[in-house]
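A quick write-up on the structure given underneath.
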């Protein structure tokens, strides 16, 4: 059990620390944006090269490497959005009485360039990773993408906790596309699908014939799925994400 245990810890640390660092960098404000984004772009290029070189390796180290490279790709996507470089065609809130399909179209317009950026980078990772035996990077990115799209839809339809405090000032107009309500019809489907995926991955981990590479790979994917599932539950349970990201939020206060 030591091997999957280490993989779980690694996934947790990469997720928690990576998210916190991104929030901290964004909190430093517009002056820090160009340098932070330039650094993230260099990391993105290195990650894509890493994915290409690791795709034929089926070692434990290659599994961790593919996972880390994929998270780095996702980190670039997150930073490009939070810094306001890649968002959408609409940069202002809806009128107060805007609702229904028109409101949904406005929400899509607000993030459309970022959605297209995700599609493009996902396609690049697919081309780089699919031909090889090590597809940890691709599956990690797809899980992150799926979980994020589900979370966006749930925020739009309505949840209890909106975590608006995590949005930088220049993206506060997006709050107009969030809705606060106890639950929505999509949420049960989201958590059920996530739980099913998690169960399937755990079965892969426990398979008697699984190699060490497969155990680590599926554990990393299962950990990311579990984190996405927990993030979904955090949308509706009495829980504040400040408990997780308080250190980066305090850094935001210090930079004002």
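In the working numbering, the protein residues as written are 294 to 549. Here a beta-carbon is modelled for each residue, glycine too, at the ideal position from N, C-alpha and C.
Bridge partner(s) assigned by DSSP for residue i
| i | result |
| --- | --- |
| residue 473 | 452 |
Nearest to residue i (by Cα), restricted to the options the options
| i | options | result |
| --- | --- | --- |
| residue 384 | 412, 393 and 374 | 374 |
| residue 550 | 310, 357, 468 and 312 | The structure shown has nothing for residue 550, since the chain only spans 294 to 549. |
| residue 356 | 451, 372, 461 and 508 | 508 |
| residue 428 | 504, 360 and 335 | 360 |
| residue 458 | 309, 308, 503 and 319 | 319 |
| residue 463 | 307, 364, 403 and 340 | 403 |
| residue 352 | 326, 505 and 537 | 505 |
| residue 344 | 480, 415 and 485 | 415 |
| residue 447 | 524, 420 and 390 | 524 |
| residue 364 | 434, 407 and 422 | 434 |
| residue 309 | 393, 335, 516 and 450 | 516 |
| residue 437 | 533, 479, 390 and 371 | 371 |
| residue 410 | 381, 390, 394 and 534 | 381 |
| residue 493 | 514, 477, 476 and 478 | 514 |
| residue 471 | 336, 391 and 430 | 391 |
| residue 539 | 348, 338 and 456 | 456 |
Exposed unless 16 or more other CB atoms sit within 10 angstroms - verdict on residue i
| i | result |
| --- | --- |
| residue 526 | exposed |
| residue 367 | buried |
| residue 342 | exposed |
| residue 510 | buried |
| residue 541 | buried |
| residue 379 | buried |
| residue 473 | exposed |
| residue 418 | buried |
| residue 324 | exposed |
| residue 298 | exposed |
| residue 302 | exposed |
| residue 239 | Because the chain spans 294 through 549 in this model, residue 239 falls outside it and cannot be assessed. |
| residue 328 | exposed |
| residue 422 | buried |
Write down every uninterrupted run of the alpha helix (DSSP H) in the segment 333-397 whose length is 4 residues or greater and which is fully enclosed by it, in chain order.
-> 353-375
May I have a chain-ordered list of the alpha helix (DSSP H) segments no shorter than 4 residues that lie completely inside the segment 390-444?
-> 393-422
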